[in-house]
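Just so you know, our numbering puts 68 at position 68 of the sequence shown, and the rest follows in order with no gaps. Each residue gets a CB set at the ideal place from its N, CA and C atoms; glycine is no exception. The structure presented is a predicted model; accordingly, all values stated were derived computationally and were not measured.
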Amino acid sequence: MASPIRIIGTAVRWLAPVLVVVAGAAVARTLILGREAPPKSERPPRVLPVDVVTVRVDDHESTIRAYGTVRPRRTLALRPTVGGPIGSMHPALIQGGRIDAGEIVASIDERDYVLAVKTADAALVAAKTDLDIELGNAYVAQREWELLDADLEVTEEGRRLALREPYVERRRADLDSARANLERAKLDLERTKLVAPFDALVLSEDVEIGTQVGAGTQIAQLVDRTEFLVEVAVPSKRLSMLEFDGATAQLVRDGHVREGRVERLLGEVDAAGRMARIQVAIPDPLRRERGIEPVLLGSYVSVDLPCRTIENAISIPREALREGDVVWVVDVENTLEIREVDVLMRRPADVLVASDLGDGTRVIVSPISVPLPGLRVSPTAVDDDESATDLDRAAAAFGVAPVAEGEGQ
């Protein structure tokens, strides 16, 4: 039988852990019940910082930018109408040479044609002499006829033959033919000299002195250097906005700006893009001065076509126009609002929209990943100059007005 001490020791060994656990649980419960709850605070609403510009209703002058290749207004393939060896050539009859109007480009050896004129002149003298002789014979016949007229009965044809009238008519015809031959010989002599009909730029020359040419042989190809043309294509729906009748257009090539003249709307659309075609003239294209570079044939240039003033429109930065022609604006409560706009013209740096957007509206120009109507924003105004693109600053540097794109409008 176990002793009481042993029993007590065993009980203490088993009960001690239980008592410790119970005591710890009681202490923990007391601490938990006595703890004070932390103060509750409301989470502030999310506010998104955005950049905005304030837009204004105004009248805007603009241009439409189009592109084209420079070509000559007039091209002449110089061909003689008489043949022979080339006797002389203008010193500037080389590729790129310049020949003024009225100057002789080339001449054909004229000696054969001088002889032809002398021969025709001699034939004319002979024809005149033959006519004078025949007129004398006719006068004698007339006097004889007057003496015999009462004793003869002849027909009208017989009377005309007796008076030598058919012979006189033939001699007169021979005289007219001789005069025509002389005029033709003189004209052929004159045509041995090929004269420039306008101030010309030589594109090519195909002969040398001594070259035997025939009527129709090409001697050179000339273009009128006083004025070139550029033909540009614009969307047909933009024609009502353009100005014609000699309006001034700006030609931009390699950073150089020159003035052109809007001449006319051509009567057909471009076969490839179904765009309307407009002809712009470039006066004195080869003039080269300080700050003005020549415009060469074949150059690809951009042309800013003048438009009528767009009244009561709003200009917004290009980046402010979102997909679907909508803009994000900040209302009076500084929350985001999505509005559709009526786009009047798209330009490289900005877009002109109808005044329905409202004067003084704050338009968001910064990107937003998830634009939700009613989103609270913190607007920060940005300077218009800071939002301008490099194209804007370049255009301003050259004094070019903002332009609308000519394609895809």
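Residue i to residue j span [Cα, whole Å]
i	j	result
residue 337	residue 372	8 angstroms
residue 478	residue 104	Only positions 1 to 409 of the chain appear in the structure, and residue 478 is not among them; the question remains open.
residue 257	residue 229	16 angstroms
residue 174	residue 190	24 angstroms
residue 361	residue 375	17 angstroms
residue 293	residue 182	52 angstroms
residue 345	residue 315	9 angstroms
residue 16	residue 46	57 angstroms
residue 199	residue 81	21 angstroms
residue 421	residue 85	In this structure the chain extends from 1 to 409, so residue 421 is not present and cannot be described.
residue 178	residue 213	28 angstroms
residue 87	residue 106	8 angstroms
residue 23	residue 377	57 angstroms
residue 176	residue 79	30 angstroms
residue 331	residue 53	13 angstroms
residue 20	residue 30	15 angstroms
residue 295	residue 76	20 angstroms
residue 196	residue 261	26 angstroms
residue 18	residue 26	12 angstroms
residue 184	residue 203	32 angstroms
residue 121	residue 132	17 angstroms
residue 59	residue 48	33 angstroms
residue 61	residue 308	7 angstroms
residue 129	residue 188	26 angstroms
residue 236	residue 366	34 angstroms
residue 217	residue 289	38 angstroms
residue 379	residue 243	40 angstroms
residue 13	residue 28	24 angstroms
residue 166	residue 112	36 angstroms
residue 325	residue 333	24 angstroms
Residue i classed as buried or exposed, judged by whether at least 16 other C-beta atoms fall within 10 angstroms
i	result
residue 91	exposed
residue 358	exposed
residue 96	exposed
residue 219	buried
residue 50	buried
residue 317	buried
residue 110	buried
residue 142	exposed
residue 63	buried
residue 423	For the chain, the structure presents residues 1 to 409; residue 423 sits outside this window and is missing.
residue 249	buried
residue 56	exposed
residue 356	exposed
residue 238	buried
residue 69	exposed
residue 124	buried
residue 245	exposed
residue 10	exposed
residue 407	For residue 407, the predicted model reports a pLDDT of 42, less than 50, meaning its position is unreliable and no value from the coordinates is stated.
residue 6	exposed
residue 351	buried
Assumed close pair residue i, residue j - CB separation to whole angstroms, cut-off 8 angstroms
i	j	result
residue 277	residue 233	6 angstroms
residue 224	residue 73	5 angstroms
residue 353	residue 313	7 angstroms
residue 306	residue 247	5 angstroms
residue 138	residue 168	5 angstroms
residue 117	residue 186	6 angstroms
residue 227	residue 282	7 angstroms
residue 98	residue 201	6 angstroms
residue 303	residue 327	That belief does not hold up - the Cβ atoms of residue 303 and residue 327 are roughly 30 angstroms apart, past 8 angstroms.
residue 364	residue 329	7 angstroms
residue 108	residue 205	About 15 angstroms; that fails the 8 angstroms criterion.
residue 171	residue 134	4 angstroms
residue 253	residue 301	4 angstroms
residue 215	residue 102	In fact, because the Cβ distance is near 23 angstroms, the residues do not count as touching under 8 angstroms.
Beta strand (DSSP E) segment containing residue i, residue limits
i	result
residue 363	362 to 364
residue 283	276 to 283
residue 95	Looking at the DSSP string, residue 95 is not in any beta strand (DSSP E), and its letter there is neither H nor E.
residue 71	63 to 72
residue 321	No beta strand (DSSP E) holds residue 321; DSSP gives it neither H nor E.
residue 302	300 to 306
residue 291	Residue 291 -> no beta strand (DSSP E), and no H or E assigned at all.
residue 378	377 to 381
residue 59	57 to 60
residue 77	75 to 78
residue 205	200 to 205
residue 220	220 to 224
residue 446	Any answer about residue 446 is impossible in this case: the structure gives the chain only from 1 up to 409.
residue 195	193 to 195
For residue i, the first and last residue of its enclosing alpha helix (DSSP H)
i	result
residue 185	165 to 190
Inset, instruction - Mind listing, in chain order, the continuous beta strand (DSSP E) runs of no fewer than 3 residues lying wholly within the segment 228 to 269? - result: 248 to 253 and 256 to 269
Inset, instruction - Tell me the start and end of each unbroken beta strand (DSSP E) in the segment 333 to 361 that is at least 3 residues and wholly inside, in chain order. - result: 336 to 340, 343 to 346 and 350 to 354
Legend entry - In chain order, each beta strand (DSSP E) run of at least 3 residues that lies wholly inside the segment 83 to 144: 84 to 89 and 104 to 108
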